[in-house]
Amino acid sequence: MKILIVEDEPKTGDYLRQGLREAGFAVDLATHGADGLHMALAGDPDLLILDVMLPGLDGWTVLRELRRQGWTRPVLFLTARDQVEERVRGLELGADDYLVKPFSFAELLARVRTILRRGRAGLEPTILRVADLELDLLRRRVTRAGRRIDLTAKEFGLLELLMRRSGEVLPRSLIASHVWDMNFDSDTNVIEVAVRRLRAKVDEGFEPRLIHTVRGMGYVLEVPEERA
Ligand code: CA
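For the sequence shown, my numbering gives the first residue as 1, with consecutive numbering after it.
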């Protein structure tokens with residue numbers, strides 16, 4: 001699998017290239033937006049890791065141009081801290097995921113593997129399933145054991161995120177930025193309240209319980225191991 005990194009900060013670029021090579025990927029590095037665009041089109045990498053702030057063409061312009069030319073490979077955006085608009089804009093332009101700098105290499109690698117696994121599965125599934133829980137993305141409908149569950153838009157978004165990343169512990173900050181488009185503020189309990197409501201609808205009266213709190217870390221949706 002080949003990865004193209006477009007990153008103008010030499011230290012970050014070298015660090016990512018080396019780490020991904022050690023993880024077994026073929027890696028190309030571009031340090032300029034226009035070079036990145038050409039290398040993506042010519043080299044056909046399996047994944048593009050794209051910094052937003054670049055000399056020449058910025059990351060948004062590169063992505064917009066790639067999508068305009070029918071380039072469909074996945075894109076992981078690297079954005080600056082606290083730039084919610086950047087992340088939203090990147091996702092609107094068709095980025096598959098984003099990481100906020102500074103990030104750990106382990107986190108980057110986990111995202112890369114998830115995106116590539118998703119890509120290999122072929123077309124994006126329109127129905128997500130975990131145990132007897134089903135979320136239909138097209139019809140915006142959720143059922144458990146065949147029974148319809150009514151959710152608000154936010155609850156649906158939260159459940160979609162938990163199901164897409166089933167088995168992964170999702171920190172509150174990630175949930176906040178994905179579902180509420182906001183930065184995580186530890187004074188607010190909006191996420192706890194939403195998870196509690198969602199759990200009441202999805203888990204109460206059903207077995208096994210699927211939505212779990214991992215104390216001090218976040219939430220995970222999965223079939224408990226002793227039952228798997
Ligand atoms: Ca940069």
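Note that beta-carbon positions come from the ideal geometry of N, C-alpha and C, so glycine has one too.
Cβ distance (whole Å) where residue i is taken to contact residue j below 8 Å
i: Leu4; j: Ala40; result: 6 Å
i: Leu78; j: Leu47; result: Not quite, the Cβ-Cβ distance comes to about 13 Å (not below 8 Å), so this is no contact.
i: Leu54; j: His32; result: 7 Å
i: Leu108; j: Leu63; result: At roughly 18 Å, the Cβ-Cβ gap does not stay under 8 Å, so Leu108 and Leu63 are not in contact.
i: Leu170; j: Leu161; result: 7 Å
i: Val179; j: Lys154; result: 6 Å
i: Phe105; j: Gly19; result: 5 Å
i: Val195; j: Tyr219; result: 6 Å
Residue i CB to nearest heavy atom of ligand 1 below 6 Å
i: Asp51; result: yes
i: Asp8; result: yes
Cβ-based neighbour list, residue i, same chain, cut-off 6 Å, excluding 5 preceding and 5 following
i: Tyr98; result: Phe77, Thr79, Arg87 and Gly90
i: Leu128; result: Leu135 and Met163
i: Gly36; result: Val6, Ala30 and Val62
i: Arg197; result: none
i: Ala26; result: Lys2
Close Cβ partners of residue i (< 7 Å) along its chain, the five nearest in sequence each way excluded
i: Arg199; result: Ile211
i: Asp132; result: Arg144 and Ala145
i: Ser166; result: Val130, Leu221 and Glu222
i: Arg227; result: Its pLDDT being 46, under 50, Arg227 is placed unreliably in this model, and the coordinates cannot settle the point.
i: Asp203; result: Arg209, Leu210 and Ile211
Buried or exposed (CB count within 10 angstroms, at least 16 for buried), residue i
i: Arg172; result: buried
i: Glu207; result: exposed
i: Ala95; result: buried
i: Glu7; result: buried
i: Pro74; result: buried
i: Val193; result: exposed
i: Gly59; result: buried
i: Pro10; result: exposed
i: Gly24; result: exposed
i: Val214; result: exposed
i: Gly43; result: exposed
i: Pro102; result: exposed
i: Arg21; result: exposed
i: Pro224; result: exposed
i: Gly216; result: exposed
Cβ-based neighbour list, residue i, same chain, cut-off 8 Å, excluding 5 preceding and 5 following
i: Arg113; result: none
i: Gly13; result: Ile5, Glu7, Leu29 and Thr31
i: Gln69; result: Leu41
Practice item. Just list the beta strand (DSSP E) runs in the segment 52-130, keeping only unbroken ones of 3 residues or longer that don't cross its boundaries, in chain order. Key: 75-79, 97-100 and 127-130
Check your understanding: Could you give the uninterrupted runs of the beta strand (DSSP E) lying entirely in the segment 125-183, keeping only those of 3 residues or more?
Key -> 127-130, 133-136, 141-144 and 147-149
Review point. In chain order, which alpha helix (DSSP H) runs of at least 4 residues are fully inside the segment 189-215?
Key: Within the segment 189-215, complete alpha helix (DSSP H) segments of at least 4 residues are found at 190-202, given in chain order.
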